[in-house]
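In the working numbering, the protein residues as written are 7 to 415.
Every residue gets a Cβ at the ideal spot worked out from N, C-alpha and C, and that includes glycine.
In this text, all values refer to a predicted model and were calculated from it rather than measured experimentally.
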């Protein structure tokens, strides 16, 4: 028999009552208000994002994807709960979010619900479903997938199952605590954004030579000289392997385009192979890993600097390695428009790639080695601050996830 009451692992001490297994229809009711009077225009169409929540479509995506007419769109008031019937990687049955910003409209592909204030606190519902396993566990038994992976579920049936909830008073206490964590995460994200903007502005001044370092004795460094990458280092193409070489474990990690995110290595999407690998297909410390070929033109040229701890990984055939003793400086140069403008000039007409020959032909103005060192050290200091802030964000997010897993039933 299904349990009708339960208690969470972590709880505020003033609360001792059991949580009740409650049908979602007792907490929410379907909102059926439509935009019949055209109060809202295409400028106020909302989208639902797994990370950002409910956001204005134009502000989030850069344009409106609304149909010719929006008079049948659902009206979403502030505080309403929205279920989007679109699969995401982490949420194959869709996501459930609360509208916390401005009122607007969503297409009929979304389901909109009002919160029954006497039984539920809307932000508690939002926090409950912010945990992927809660969302997936709730929706999995309800949703039927169509032939095109579309969601076969009525708006009313979404409310058919149950979740454990405490009193509204306890819901509000939990919400206040989790909102404080969200505020801290948002502040850290803003700090990271400001550091990235500062770095971008400084780099523009450094590489345009508006901002120059000097010798320690105060004298000017010499003029920068135009040089080709092929004269300063070597470029290598990556490992070709077959699907039969791919293994689940006990293989060599092959770095691919997905392993380069925001100028750093990322390891959320990895491929391991068990095959013979040439020495030249292993990365070394201070190598620059470059996406040289990709289905998306916008990804060509993105790169990451290899650290000591990442030595021994291989790199795939769609990637290139640039190796030079000047890479501490060149890596930052590769983050600028000076690099990407030459990438765009050399991209193939039909194939999105930049060849080794092209990379070697790229030319830039270079300072003397000592000024390179000062520039690289200065920018590395900013990078370290960004990395520390990113680590704080990830730690706080993991802390919150752990709380969600233990503060809810």
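Just the C-alpha distance for residue 74 and residue 35, rounded to the nearest angstrom, thanks.
Residue mapping note: residue 74 aligns to position 68 of the chain shown, counting from 1. Residue mapping note: residue 35 aligns to position 29 of the chain shown, counting from 1. Roughly 29 Å between the two C-alpha positions.
Using a Cβ distance threshold of 8 Å, determine whether the region 91-107 contacts the region 56-67, with at least three qualifying pairs required.
yes
When the Cα atoms are used, what is the spatial distance from residue 113 to residue 42?
On the chain shown, residue 113 is found 107 positions in, with the first residue counted as 1. On the chain shown, residue 42 is found 36 positions in, with the first residue counted as 1. Residue 113 and residue 42: Cα-Cα distance of roughly 13 Å.
Select from 137, 152, 393, 76 the residue whose C-alpha is nearest the C-alpha of residue 91.
Locating residue 91 in the chain shown gives position 85, counting from the first residue. Considering only alpha carbons, the answer is 152.
Decide if residue 247 is buried, meaning its Cβ has at least 16 other Cβ atoms within 10 Å, or exposed.
Position 241 of the chain shown, counted from the start, is the residue given in the question as residue 247. By the 10 Å Cβ count, residue 247 comes out buried.
Could you round the C-beta distance between residue 99 and residue 146 to whole angstroms and report it? I think they count as a contact, below 8 Å.
Counted from its first residue, the chain shown places residue 99 at position 93. Counted from its first residue, the chain shown places residue 146 at position 140. Their Cβ separation, rounded to whole angstroms, is 6 Å, which keeps residue 99 and residue 146 in contact under 8 Å.
What number of angstroms, rounded off, separates the C-alpha of residue 204 from the C-alpha of residue 229?
Counting from 1 along the chain shown, the entry for residue 204 is found at position 198. Counting from 1 along the chain shown, the entry for residue 229 is found at position 223. Distance between the alpha carbons of residue 204 and residue 229: 25 Å.
For residue 77, collect the residues of the same chain with a Cβ closer than 6 Å to its Cβ; drop the 5 residues on either side in sequence, then sort them by chain order.
Looking up residue 77 in the chain shown gives position 71. Cβ within range, chain order: 41, 42, 44.
Does the Cβ of residue 414 have 16 or more other Cβ atoms within 10 Å, making it buried, or fewer, making it exposed?
Within the chain shown, numbered from 1, the residue matching residue 414 stands at position 408. Its Cβ being crowded by 16 or more others within 10 Å, residue 414 is buried.
Let's test the definition: count the other Cβ atoms within 10 Å of the Cβ of residue 406 and tell me whether it reaches 16, buried, or not, exposed.
Counting from 1 along the chain shown, the entry for residue 406 is found at position 400. Buried: at least 16 other Cβ atoms inside 10 Å.
Within the same chain, show all residues whose beta-carbon is closer than 8 Å to that of residue 10, passing over the 5 residues directly before and after it, in chain order.
Within the chain shown, numbered from 1, the residue matching residue 10 stands at position 4. 26, 27.
Between which two residues does the alpha helix (DSSP H) harbouring residue 366 extend?
Stepping through the chain shown from its first residue, residue 366 is reached at position 360. 362-367 is the extent of the alpha helix (DSSP H) around residue 366.
Check whether the Cβ atoms of residue 126 and residue 171 lie closer than 8 Å to each other.
For the purposes of this step, residue 126 is taken as residue 120 along the chain shown, with counting starting at 1. For the purposes of this step, residue 171 is taken as residue 165 along the chain shown, with counting starting at 1. Cβ atoms of residue 126 and residue 171: closer than 8 Å.
Which of the three DSSP states is assigned to residue 7 in this structure?
Counting from one through the chain shown, the residue named residue 7 turns up at place 1. Confidence is the limiting factor: at residue 7 the pLDDT is only 48, short of 50, which leaves the residue's position unreliable, though a coordinate-based value still follows. Three-state result, residue 7: coil.
What are the boundary residues of the beta strand (DSSP E) that residue 28 is part of?
Taking the chain shown and counting its residues from 1, the one referred to as residue 28 is at position 22. First-last of the beta strand (DSSP E) with residue 28: 25-29.
Flag this pair as yes or no: are the beta carbons of residue 305 and residue 278 separated by less than 8 Å?
The count along the chain shown starts at 1 and reaches residue 305 at position 299. The count along the chain shown starts at 1 and reaches residue 278 at position 272. No, these two residues do not count as a Cβ contact at 8 Å.
Entirely enclosed beta strand (DSSP E) segments - the region 47-135, minimum 3 residues
52-55, 59-62, 80-82, 87-90, 101-104, 110-112, 116-121
Count the other C-beta atoms from every protein chain shown that fall within 10 angstroms of the C-beta of residue 18, then say buried if there are 16 or more, exposed otherwise.
Within the chain shown, residue 18 is the residue found at index 12, counting from 1. Classification of residue 18: exposed, given that the 10 Å Cβ count is below 16.
How is residue 234 classed by DSSP in three states: helix, strand or coil?
The residue given as residue 234 occupies position 228 in the chain shown. DSSP places residue 234 in strand when its eight states are reduced to three.
Is residue 293 buried or exposed, if buried means 16 or more other CB atoms sit within 10 Å of its CB?
Against the chain shown, residue 293 aligns to sequence position 287. Answer is buried; the Cβ neighbour count reaches 16.
Residues that DSSP places opposite residue 322 in a beta bridge:
As a first step, residue 322 is located in the chain shown; it is residue number 316 there, counting from the start. Its beta-bridge partners are 245.
For residue 2, which residues from the same chain have a beta carbon less than 7 Å from its beta carbon, with the 5 sequence-adjacent residues on both sides left out?
There is simply no residue 2 to check, as the chain begins at 7 and stops at 415 in what is shown.
Spatial neighbours of residue 403 within its chain, please: CB distance less than 7 Å, with the 5 preceding and 5 following residues excluded, ordered by chain position.
Position 397 of the chain shown, counting from 1, holds the residue named residue 403. Cβ neighbours of residue 403 beyond the five flanking positions: 191.
Apply the 10 Å Cβ neighbour rule to residue 80 and answer buried if 16 or more other Cβ atoms are within range, or exposed otherwise.
In the chain shown, residue 80 corresponds to position 74, counting from 1. Under this definition residue 80 is a buried residue.
Report yes if the C-beta distance between residue 1 and residue 37 is below 8 Å; otherwise report no.
With the chain running from 7 to 415 in the structure shown, residue 1 is simply not present.
Report back the beta-carbon spacing between residue 316 and residue 289 to the nearest angstrom; my notes put them in contact at under 8 Å.
Here residue 316 corresponds to residue number 310 of the chain shown, with the count starting at 1. Here residue 289 corresponds to residue number 283 of the chain shown, with the count starting at 1. With 8 Å as the limit, residue 316 and residue 289 qualify as a contact, their Cβ atoms being about 6 Å apart.
C-beta contact flag for residue 124 and residue 181 at 8 Å
Here residue 124 refers to the residue found at position 118 when the chain shown is read from its first residue. Here residue 181 refers to the residue found at position 175 when the chain shown is read from its first residue. Not a contact, by the Cβ cut-off of 8 Å.
For residue 72, collect the residues of the same chain with a Cβ closer than 6 Å to its Cβ; drop the 5 residues on either side in sequence, then sort them by chain order.
Here residue 72 refers to the residue found at position 66 of the chain shown. These residues qualify, in order along the chain: 48, 51.
Based on the DSSP output, what are the partners of residue 295 in its beta bridges?
Residue numbering aside, residue 295 sits at position 289 when the chain shown is read from its first letter. According to DSSP, residue 295 bridges with 310, 327.
With DSSP as the reference, please indicate the residues paired to residue 35 in a beta bridge.
In the chain shown, counting from the first residue as 1, residue 35 sits at position 29. Paired residues: 120.
Put residue 412 into one of helix, strand or coil per three-state DSSP.
Here residue 412 refers to the residue found at position 406 of the chain shown. Three-state DSSP puts residue 412 in a helix.
When you compare the region 380-397 with the region 321-330, are there three or more beta-carbon pairs, one atom per stretch, that lie closer than 8 Å?
no
Is residue 280 helix, strand or coil when you go by DSSP?
Here residue 280 refers to the residue found at position 274 when the chain shown is read from its first residue. DSSP places residue 280 in coil when its eight states are reduced to three.
Residue 386 (DSSP reduced to helix, strand or coil):
As a working mapping, residue 386 is identified with position 380 in the chain shown. Helix.
Inter-residue spacing [alpha-carbon to alpha-carbon] between residue 168 and residue 268:
Looking up residue 168 in the chain shown gives position 162. Looking up residue 268 in the chain shown gives position 262. Between residue 168 and residue 268, the C-alpha separation is close to 41 Å.
Alpha-carbon to alpha-carbon, residue 300 and residue 245
For the purposes of this step, residue 245 is identified with residue 239 of the chain shown, where counting begins at 1. For the purposes of this step, residue 300 is identified with residue 294 of the chain shown, where counting begins at 1. Residue 245 and residue 300: Cα-Cα distance of roughly 15 Å.
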